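Asker: Protein sequences appear in the order of chains A and B.
Read in our numbering, the first sequence has 6 at position 6, and its numbers run on one by one without any break.
Read in our numbering, the second sequence has 98 at position 98, and its numbers run on one by one without any break.
A single structure is presented below for examination.
Protein chains: 2
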Amino acid sequence: MEAYERIKKSIIEGDYAPGTRLTEENLAKELQISRTPIREAIKRLETERLISPLKRGVIVSEFNREDIWQIYNLRALLEGYAAAEAAVNRSAEDIEAMERCNEQFKDLLENPTYGRTEMLNEITELNNQFHSAVYNASHNEHLRFHITSVTVLPLVFRSFYWYNEYQLKKSLELHQTILCAIQANEPDRAKTAMQEHIYQGRDHVLKNINNES
Amino acid sequence: MEAYERIKKSIIEGDYAPGTRLTEENLAKELQISRTPIREAIKRLETERLISPLKRGVIVSEFNREDIWQIYNLRALLEGYAAAEAAVNRSAEDIEAMERCNEQFKDLLENPTYGRTEMLNEITELNNQFHSAVYNASHNEHLRFHITSVTVLPLVFRSFYWYNEYQLKKSLELHQTILCAIQANEPDRAKTAMQEHIYQGRDHVLKNINNES
DNA sequence: AGTTGATTTATTGTATACAAAGTGCTACGA
DNA sequence: TCGTAGCACTTTGTATACAATAAATCAACT
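Here is the structure:
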């Protein structure tokens, strides 16, 4: 794994908390490589806005409630559009991919064999996979780019860790609604269901996050 | 001006045509600096998708009709949303900034003192300024980021160079409609007017561009 | 002639030394 | 005690040498 991916992973997994100062030299020492690839990784993470310039150097980006509001609303706009486009452009394989995600999601909810943390990691992964399957089904590379770009940021909130069983079930249901609408070539229904799903996520994060960030 | 800006400018102004191969060493020689800042600029332009990796190295990105379609539709989605948000969040200064752009635009159309090329450069600049004024008025940093990101790409088409006097007048009128709607706190009207404006730009580019790219 | 393998060449990847510049600290003066 | 100027230190910016590797060329064999 290259430097960029390693640092990104550390940020998303919370090893480098928001506000943490990152210097090239420290990272170089930590990852046991020279400053050159570190520089590259930092520049890239900066354009993705996972880190922000501060004085001489950078810090892991911090997001306040206003940021969360704006980011989730943008997600709703873009992923809602993607769902609508998917309802028009989806292939049979796209449908299958989405079905697989939802089936695994369902299995996991019905047979909670792991510990809670492992299960929520799995859920997070499956949720991401479903969303990917939807925007991939839109067959729109530019749209895909913007969605992935706006979606990395909420990852740092690790929102699924606050979900209870009822909320997870509600998520699955909306996934299924979205899938049905896409399968039935109903762009507008797909869009509204997706937006509803994301707005629920937004409100959930806003309700649970510490008031200041 | 740093390396990144110089290369970006060269791409947007067409000095490096789409498909042109760019190598670190050539750029370093051309800009009279070492490869290090060139590397950085290339990486950044790559994440902005102005250049694309190809074999060992990169080329200036090429866009086909499908790309143009997708990019302009995304612009309509994002800038339409920005216009609606601006209608809710705009301050008095935001309104003034938009008014200034449109007044200058109008002056320019009524008093075409320059040569055609200089005038169209000026028009392009004023058009960009108006659009910036609108999304700045939305007071949404994340939205701003995505709009600027999706908007750099159409710049390489230099679409205004194909506009005739009537079309420029129509552009100005829509700008004024957008401004009125934002001033009157009519988010939906602002959105539809902005979308209409961008769709007209899209169709204009698609009509005039060489069929293959 | 076409295909495969080895050799050469072009180009990027990495490390490191040094230059430049911003930050903060300390000491001095008001 | 507060402010400020100068200095030291931390950190990034740049250049350059060398390593790694992908691509292209060419030759040999089928």
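Where is the CB? At the ideal position from N, CA and C, for every residue including glycine.
Please read these numbers as outputs of a predicted model, since none were measured by experiment.
Going by beta carbon distance, what residues of the same chain come within less than 8 Å of leucine 143 of chain A, once the five residues before and after it are set aside?
Answerer: Around leucine 143 of chain A: Leu78, Tyr81, Ala82, Glu85 and Tyr135.
Asker: Taking its Cβ as the centre, do 16 or more other Cβ atoms sit within 10 Å of glycine 201 of chain B, making it buried, or is it exposed?
Answerer: Glycine 201 of chain B comes out buried.
Asker: Could you check whether the Cβ of valine 58 of chain A sits closer than 8 Å to any Cβ belonging to chain B?
Answerer: No, valine 58 of chain A does not count as interfacial toward chain B.
Asker: Is the beta carbon of tyrosine 114 of chain B within less than 7 Å of some heavy atom of the ligand ATP?
Answerer: No copy of the ligand ATP appears in this structure; indeed no ligand is present at all.
Asker: Which chain B residues sit within Cβ distance under 9 Å of tyrosine 81 of chain A?
Answerer: Under the 9 Å cutoff, chain B gives Asn73, Leu74 and Leu77.
Asker: My parser needs the beta strand (DSSP E) runs of 3 or more residues fully inside the stretch 25-79 of chain B; what are they?
Answerer: For the stretch 25-79 of chain B, whole beta strand (DSSP E) runs of length 3 or above, ordered along the chain, are 51-53 and 58-60.
Asker: Is the stretch 91-103 of chain A touching the stretch 124-131 of chain A, taking contact as three or more C-beta pairs under 8 Å?
Answerer: The stretch 91-103 of chain A, when compared against the stretch 124-131 of chain A, does touch it at the 8 Å Cβ threshold.
Asker: Name the two residues that bound the continuous alpha helix (DSSP H) containing serine 171 of chain B.
Answerer: Note, serine 171 of chain B: alpha helix (DSSP H), 165-183.
Asker: DSSP three-state call for arginine 21 of chain B: helix, strand or coil?
Answerer: If DSSP states are grouped into helix, strand and coil, arginine 21 of chain B belongs with the strands.
Asker: Is leucine 206 of chain B close to chain A, meaning its C-beta is less than 8 Å from at least one C-beta of that chain?
Answerer: Taking Cβ atoms only, chain A never reaches closer than 8 Å to leucine 206 of chain B, which makes this a no.
Asker: Please report how far the alpha carbon of histidine 146 of chain B lies from the alpha carbon of asparagine 210 of chain B, in whole angstroms.
Answerer: Cα to Cα, histidine 146 of chain B sits roughly 28 Å from asparagine 210 of chain B.
Asker: Straight-line CA distance for glutamate 212 of chain B to alanine 41 of chain B?
Answerer: Residue placement at glutamate 212 of chain B is flagged as unreliable, the pLDDT there being 49, under the threshold of 50; a coordinate-derived value is accordingly withheld.
Asker: I'd like to know whether the C-beta atoms of leucine 27 of chain A and isoleucine 12 of chain A end up nearer to each other than 8 Å.
Answerer: Taking 8 Å as the Cβ cut-off, leucine 27 of chain A and isoleucine 12 of chain A do not qualify as a contacting pair.
Asker: I need the straight-line Cα distance from glycine 57 of chain A to cysteine 180 of chain A, nearest angstrom please.
Answerer: Their Cα atoms are separated by approximately 48 Å.
Asker: DSSP three-state call for tyrosine 199 of chain B: helix, strand or coil?
Answerer: If DSSP states are grouped into helix, strand and coil, tyrosine 199 of chain B belongs with the helices.
Asker: Taking valine 60 of chain B and threonine 23 of chain B to be in contact with their CB atoms under 8 Å, please state how far apart those CB atoms are, rounded to whole angstroms.
Answerer: That pair is no contact at about 12 Å.
Asker: Over what stretch of residues does the alpha helix (DSSP H) that includes threonine 113 of chain A continue unbroken?
Answerer: Careful: threonine 113 of chain A lies outside any alpha helix (DSSP H) and carries neither H nor E.
Asker: If you draw a straight line from the C-alpha of proline 18 of chain A to the C-alpha of threonine 148 of chain B, how long is it?
Answerer: About 25 Å.
Asker: Around the Cβ of tyrosine 163 of chain A, are there at least 16 other Cβ atoms within 10 angstroms (buried) or fewer (exposed)?
Answerer: Buried, because 16 or more other Cβ atoms sit within 10 Å of the Cβ of tyrosine 163 of chain A.
Asker: Tell me which residues of the stretch 124-149 of chain A have at least one Cβ-Cβ distance to chain B shorter than 8 Å, keeping chain order.
Answerer: Answer in chain order: Asn140, Glu141, His142, Leu143, Phe145, His146 and Ser149.
Asker: With distances taken from CA atoms, which of A:Gln195, A:Trp69 and A:Arg44 is nearest lysine 8 of chain A?
Answerer: Among A:Gln195, A:Trp69 and A:Arg44, the Cα nearest to that of lysine 8 of chain A belongs to A:Arg44.
Asker: DSSP three-state call for valine 156 of chain A: helix, strand or coil?
Answerer: Here valine 156 of chain A sits in coil by DSSP.
Asker: From the DSSP output, in three-state form, read off isoleucine 7 of chain B for me.
Answerer: Residue state, collapsed to three classes: helix.
Asker: Using only alpha-carbon positions, find the residue among B:Glu125, B:His204 and B:Phe63 that is nearest to leucine 108 of chain B.
Answerer: Answer by Cα proximity: B:Glu125.
Asker: Starting from the Cα of leucine 50 of chain A, find the closest Cα among A:Lys207, A:Ser171 and A:Leu153 and give me that residue.
Answerer: Nearest option by C-alpha distance: A:Leu153.
Asker: Quick one: is glutamine 183 of chain A near chain B, going by C-beta distance under 8 Å?
Answerer: With 8 Å as the cut-off, glutamine 183 of chain A does not count as an interface residue toward chain B.
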